[in-house]
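What follows is a set of notes on a single structure, which appears directly below.
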Amino acid sequence: MLEIKDLHAGVDGNEIIKGISLSIKKGEIHAVMGPNGSGKSTLAKILSGHPSYQATSGEILFDGKNLLEMEAEERSLAGIFMGFQYPVEVPGVNNAEFLRMAHNARRVKAGEEEIDPLDFDELLSEKMKTLGMENKYKERNLNDGFSGGEKKKNEILQMAILEPKLSILDETDSGLDIDALRVVSEGVNKLRNENNALILITHYQRLLDYIKPDFVHVLSNGKIVKSGGKGLALELESQGYDWVTTAN
Amino acid sequence: MSDEQNSVSDILEDNTYKYGFTTDVESETFAKGLDEDVIRAISKKKNEPQFMLDFRLKAFEKWKTMKAPEWPNVHYPPIDFQNISYYSAPKQKKVLNSLDEVDPEVMRTFEKLGIPLDEQKKLANVAVDAVFDSVSVATTHKKKLMEVGIIFCSFSEALQEYPELIEEYLGTVVPVGDNYYAALNSAVFTDGSFVYIPPDTISPMEISTYFRINTEETGQFERTLIICAENSYVSYLEGCTAPQFDTNQLHAAVVELITLENAEIKYSTVQNWYAGDKETGKGGIYNFVTKRGKCQGDNSKISWTQVETGSAITWKYPSCLLLGDNTTGEFYSVALTNGHMQADTGTKMIHIGKNTRSSIISKGISADYSSNSYRGQVKVGKNATNARNYSQCDSMLVGDKCSAHTFPYIETANSSVQVEHEAATSKISEEQLFYFESRGISRENAIEAVISGFCKEVFKQLPMEFAVEAQKLLTLKLEDSVG
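These protein sequence lines are chains F and C, in that order. Count along the first sequence from 1, then add 79; that gives the number in the numbering used here. Count along the second sequence from 1, then add 195; that gives the number in the numbering used here.
Okay, here's the thing in structure tokens:
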């Protein structure tokens with residue numbers, strides 16, 4: 080599904096990612112771990128098409144298409160979802176209406192008719208029930224005044240509505256208390272199936288207690304220095320990042 | 196209805212200024228310059244009653260002693276009033292018996308603007324008075340309105356047919372010497388619209404005037420007078436465009452509204468005059484307008500809604516004189532400036548009667564190099580017991596080279612008064628737009644959502660189809676400015 084080949088990338092001419100290759104198949108969960116400044120978030124930004132980040136060489140193929148040539152909007156419509164570390168607040172725009180716009184953009188792309196607010200409300204209520212989310216997520220404005228945990232839950236709600244093929248969750252666990260972490264993780268687990276894939280970008284292993292990865296990659300100084308199974312995360316937890324970064 | 200709606204979206208689908216064309220019609224234009232003879236000539240040309248000429252001459256005398264206001268937060272070279280022509284009219288046969296006799300070029304101009312005037316295509320639920328340069332060229336739905344006793348016609352026609360109404364009300368809200376541009380208008384205005392709603396009448400349709408400046412060196416000085424008698428209601432809409440010239444054109448209008456007991460006037464404006472070149476700031480309209488409503492009768496209400504998206508310079512403060520007891524004044528405004536535009540706009544709410552209420556919602560959006568100022572005055576007289584005012588002034592900045600200013604003035608001479616003022620500034624950011632885009636939502640739809648969210652409280656005051664138009668207009672104007 081996703082093929083990253085010798086990717087070099089950065090921001091404002093500073094190279095942060097220095098040659099990453101990664102292959103992800105449908106149904107898989109990959110965890111990308113690493114210390115601060117290792118390039119984890121830059122990888123997420125590059126995958127989502129953030130305009131401030133540029134790939135300098137290498138290739139990313141998504142379902143065989145050259146991802147680096149696609150705008151953020153096209154990437155989303157092609158089935159990529161980015162769960163932001165710091166979702167932006169948009170006062171004045173109702174959350175439910177925002178979700179409907181996003182949902183309708185997909186329908187239009189698929190040549191279907193746009194869904195009206197009433198029918199969408201039904202769909203939204205159903206998704207929210209599955210995720211155990213309260214009604215306030217419909218009524219409030221997009222992330223406006225949301226707590227850190229509420230913002231992350233709202234990201235998962237968007238993921239549920241958009242049904243992406245590949246989701247990249249950037250530090251979704253940061254700033255969450257244990258209850259919020261559980262709700263978010265359970266949500267993510269419910270949205271999993273054999274046709275979609277997940278990249279979890281995280282500093283800590285605790286998220287991986289809730290969402291079990293098939294593969295763990297350790298990033299250091301812009302490169303993958305170690306890859307392994309779930310056990311690798313536990314080893315990191317007990318021995319610290321120095322264990323892999325200095326061994327390199 | 197679908198035809199008309201198409202035309203609205205058609206004219207909006209391009210984000211360059213689409214109304215910048217000129218129409219080649221044979222017109223009769225006075226030589227440039229202003230003196231008493233020019234005023235006498237205008238009055239004679241229009242075959243006006245003596246009181247009208249006296250009114251003009253009195254205004255002219257006042258104007259000569261006055262100076263252009265220097266307090267607004269706008270900058271422009273002094274205007275040479277001798278370099279403007281004060282009368283320009285498309286040449287036509289003597290008396291028009293029907294719309295068929297209007298110059299087809301003029302009809303086509305309005306059609307191009309999305310305002311079809313001929314009988315087959317005219318807007319079904321809106322009566323339109325079309326003003327081309329200095330004169331009204333066509334008024335639709337007159338008969339239908341007349342059936343319920345509503346008078347809707349050009350100002351010139353009203354002077355011939357209903358001089359007693361004009362003599363009674365003209366200048367009672369905006370006196371001839373009120374301010375520099377109002378005095379000039381009172382001296383030289385050439386046409387405009389007149390509306391009279393008789394007692395106990397709810398207007399069966401929206402009434403509107405569409406202004407078009409065509410000639411390069413003509414000033415447009417129109418006059419609107421709306422009188423809403425006891426227990427009556429009217430919703431009125433005004434729209435404006437002008438061709439693209441490198442020189443500046445002056446638009447100095449005066450609008451007067453009067454409500455008698457229990458009456459209500461809702462006045463909405465979507466202003467899209469040519470704003471000048473986006474890069475150089477060259478050309479564009481100077482929009483110096485005086486709009487004021489007088490709630491004369493008890494329990495009456497006047498509501499101004501404006502969406503200001505054009506003009507090189509905007510200087511206008513639609514205001515309410517709350518004279519009667521229990522009267523209400525409202526001001527809802529969205530003012531967008533981009534390119535090198537300058538706007539100094541706001542309102543005055545003058546509370547005189549008891550239990551008078553006013554509310555002010557102002558939304559300023561500034562982009563590029565523009566400057567956007569809100570200036571509002573709330574004044575409560577000593578007899579205005581229990582008067583209430585609520586003001587909310589929000590600014591949104593797009594980019595970092597523009598500016599937004601708020602100048603609230605509050606004066607109260609009565610201790611039982613409650614006045615509230617709130618202000619906030621926000622930004623439309625690249626991160627917000629990226630968030631929308633990363634959800635598959637186009638940049639255009641994202642801007643539209645953020646802007647309409649910001650302007651929600653104002654847009655909901657506009658008649659439905661104009662709210663849609665206003666929203667699209669703002670989005671198109673901002674698309675190039677964000678990011």
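Built from N, CA and C at the ideal position, the CB exists for glycine as well. Source: prediction; values computed, not measured.
Interface flag, residue i vs chain C, CB-CB below 8 Å
{"i": "residue 179(F)", "result": "no"}
{"i": "residue 53(F)", "result": "Given a span of 80 to 327 for chain F in the structure shown, any question on residue 53(F) remains unanswerable."}
{"i": "residue 167(F)", "result": "yes"}
{"i": "residue 277(F)", "result": "no"}
{"i": "residue 151(F)", "result": "yes"}
{"i": "residue 237(F)", "result": "yes"}
{"i": "residue 127(F)", "result": "yes"}
Beta-carbon proximity list for residue i, same chain, < 7 Å, skipping 5 on both sides
{"i": "residue 55(F)", "result": "No answer is possible for residue 55(F): it lies beyond the span of chain F, which begins at 80 and ends at 327."}
{"i": "residue 371(C)", "result": "250, 253, 254, 257, 378 and 381"}
{"i": "residue 100(F)", "result": "83, 84 and 85"}
{"i": "residue 171(F)", "result": "220"}
{"i": "residue 316(F)", "result": "284"}
{"i": "residue 222(F)", "result": "166, 167, 168, 169, 230 and 233"}
{"i": "residue 150(F)", "result": "128"}
Residue(s) in a DSSP beta bridge with residue i
{"i": "residue 285(F)", "result": "Paired residues: none, contrary to the question."}
{"i": "residue 298(F)", "result": "303(F)"}
{"i": "residue 603(C)", "result": "571(C)"}
{"i": "residue 152(F)", "result": "BP columns for residue 152(F) are empty, so no partner."}
{"i": "residue 274(F)", "result": "None, per the DSSP bridge assignment."}
{"i": "residue 433(C)", "result": "404(C) and 464(C)"}
{"i": "residue 97(F)", "result": "87(F)"}
{"i": "residue 617(C)", "result": "587(C)"}
{"i": "residue 238(F)", "result": "Paired residues: none, contrary to the question."}
Residue i - containing beta strand (DSSP E), residue span
{"i": "residue 451(C)", "result": "449-454"}
{"i": "residue 190(F)", "result": "Here residue 190(F) belongs to no beta strand (DSSP E), and DSSP marks it neither H nor E."}
{"i": "residue 462(C)", "result": "459-466"}
{"i": "residue 487(C)", "result": "479-490"}
{"i": "residue 351(C)", "result": "No beta strand (DSSP E) contains residue 351(C), which is instead part of the alpha helix (DSSP H) from 350-356."}
{"i": "residue 538(C)", "result": "537-546"}
Interface residues of chain C facing residue i [CB-CB closer than 9 Å]
{"i": "residue 171(F)", "result": "621, 644, 645, 646, 647, 648, 649, 650 and 651"}
Neighbouring residues, chain C, relative to residue i (Cβ below 7 Å)
{"i": "residue 185(F)", "result": "635"}
{"i": "residue 242(F)", "result": "Within 7 Å Cβ-Cβ: nothing; residue 242(F) doesn't reach chain C, min ~12 Å."}
{"i": "residue 156(F)", "result": "635"}
{"i": "residue 161(F)", "result": "633"}
{"i": "residue 130(F)", "result": "629"}
Spatial neighbours of residue i in its chain, beta-carbon cut-off 6 Å, leaving aside the 5 residues before and after
{"i": "residue 516(C)", "result": "489 and 545"}
{"i": "residue 557(C)", "result": "528, 569 and 588"}
{"i": "residue 296(F)", "result": "111, 303 and 306"}
{"i": "residue 147(F)", "result": "134 and 139"}
{"i": "residue 141(F)", "result": "81"}
{"i": "residue 286(F)", "result": "252"}
{"i": "residue 446(C)", "result": "415, 480 and 482"}
Extent of the continuous alpha helix (DSSP H) to which residue i belongs
{"i": "residue 207(F)", "result": "196-210"}
{"i": "residue 562(C)", "result": "Segment 552-562 is the beta strand (DSSP E) holding residue 562(C); no alpha helix (DSSP H) there."}
{"i": "residue 266(C)", "result": "Here residue 266(C) belongs to no alpha helix (DSSP H), and DSSP marks it neither H nor E."}
{"i": "residue 645(C)", "result": "638-654"}
Amino acids of chain F, ordered along the chain, whose beta-carbon sits closer than 8 Å to that of residue i
{"i": "residue 666(C)", "result": "Simply none; closest approach about 13 Å."}
Proximity test, Cβ basis, 8 Å: residue i and chain F
{"i": "residue 627(C)", "result": "yes"}
{"i": "residue 443(C)", "result": "no"}
{"i": "residue 640(C)", "result": "yes"}
{"i": "residue 632(C)", "result": "yes"}
{"i": "residue 288(C)", "result": "Reliability fails at residue 288(C), whose pLDDT of 41 lies under 50, so the model's placement of it is uncertain and the value that follows must be treated cautiously. No - not a single Cβ of chain F is within 8 Å of the one on residue 288(C)."}
{"i": "residue 291(C)", "result": "Note that residue 291(C) scores a pLDDT of 49, beneath 50, so its modelled location is shaky and nothing firm can be said."}
Under 7 Å from the C-beta of residue i: neighbouring residues of chain F
{"i": "residue 380(C)", "result": "Correct list: empty, because the minimum Cβ distance to chain F is about 37 Å."}
{"i": "residue 481(C)", "result": "Those within 7 Å of residue 481(C) in chain F number zero; the least Cβ separation is about 32 Å."}
Close-in-space but distant-in-sequence residues of the same chain around residue i (CB under 8 Å, 5 per side omitted)
{"i": "residue 238(C)", "result": "247, 248 and 251"}
{"i": "residue 496(C)", "result": "454, 458, 459, 460, 490, 522, 523, 524 and 525"}
{"i": "residue 312(F)", "result": "110, 112, 284, 287, 292 and 295"}
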